[in-house]
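J.: After the structure tokens below, expect a handful of questions from me.
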Amino acid sequence: TVFPNFSFLPGQNTVRVWQPRGPNKIELYTWVIVNKNAPEDVKEKWRRGAMMTFSPTGVFEMDDGENWEYCTRTSRGKVTRYQDLYVGLGMDTRLTDSELPGNVFKGQLNEANARAYYQRWKDLLQSRSWAEVPDRNGKLS
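Using UniProt numbering, read the sequence shown as starting at 1 and increasing by one per residue.
Following this line, the structure appears as structure tokens:
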């Protein structure tokens, strides 16, 4: 995914733009990328393949979409209104001595990408001009 709402799905050759349309609503535009010189039957097979897998009626998209829908429903429950959402998974696992570029974490599971995404979004919303946007240079706060 490219911040904030553009994504590419390799293997299916789909490009997507996710557009929020209000609480609990989102509009999704999807394009299938196929070589313009490909025969028409090949183009049609790519189109149908995308529709049968990663689309609102596809076998994979519907499965994933249902999970997100129920996560959203659950978060509106009576008990969850009185509890903070925990987003600290892997918070203290950042490696400071790694030879790799960027932020490297110990272990496979953490929420660093989600925290960085929302930090960047917050930075952009709170800045009045591009000059005011903090340059975090890959550093998490």
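Even glycine gets a Cβ: it sits at the ideal position worked out from N, Cα and C.
Sorted by chain position, which residues of the same chain lie with C-beta nearer than 8 Å to glutamine 12's C-beta, five sequence neighbours on each side aside?
T.: Working through the sequence shown from its first residue, we reach residue 12 at position 12. So the list reads Val32, Gly49, Ala50, Thr53 and Phe54, once near-sequence residues are dropped.
J.: Could you have a look at glycine 94 and say whether DSSP puts it in helix, strand or coil?
T.: If you number the sequence shown from 1, residue 94 lands on position 94. For clarity, residue 94 is arginine in the given sequence; the question names glycine instead. Strand, per DSSP.
J.: Work out the CA separation of glutamine 19 and arginine 47 for me, nearest whole Å.
T.: Position 47 of the sequence shown, counting from 1, holds the residue named residue 47. Position 19 of the sequence shown, counting from 1, holds the residue named residue 19. Cα to Cα, arginine 47 sits roughly 22 Å from glutamine 19.
J.: Would residue 161 be called buried (16 or more neighbouring beta carbons within 10 Å of its own) or exposed?
T.: The structure shown does not extend to residue 161, since the chain is modelled only from 1 to 141, so the question has no answer here.
J.: Under 8 Å between the Cβ atoms of glycine 77 and glutamate 111?
T.: Position 77 of the sequence shown holds residue 77. Position 111 of the sequence shown holds residue 111. Contact: no.
J.: Pick helix, strand or coil for tyrosine 86, following the three-state DSSP scheme.
T.: Counting from 1 along the sequence shown, the entry for residue 86 is found at position 86. Correct three-state label for tyrosine 86: coil.
J.: Three-state secondary structure (DSSP) at leucine 28?
T.: For the purposes of this step, residue 28 is identified with residue 28 of the sequence shown, where counting begins at 1. Note: leucine 28 maps to strand in three-state DSSP.
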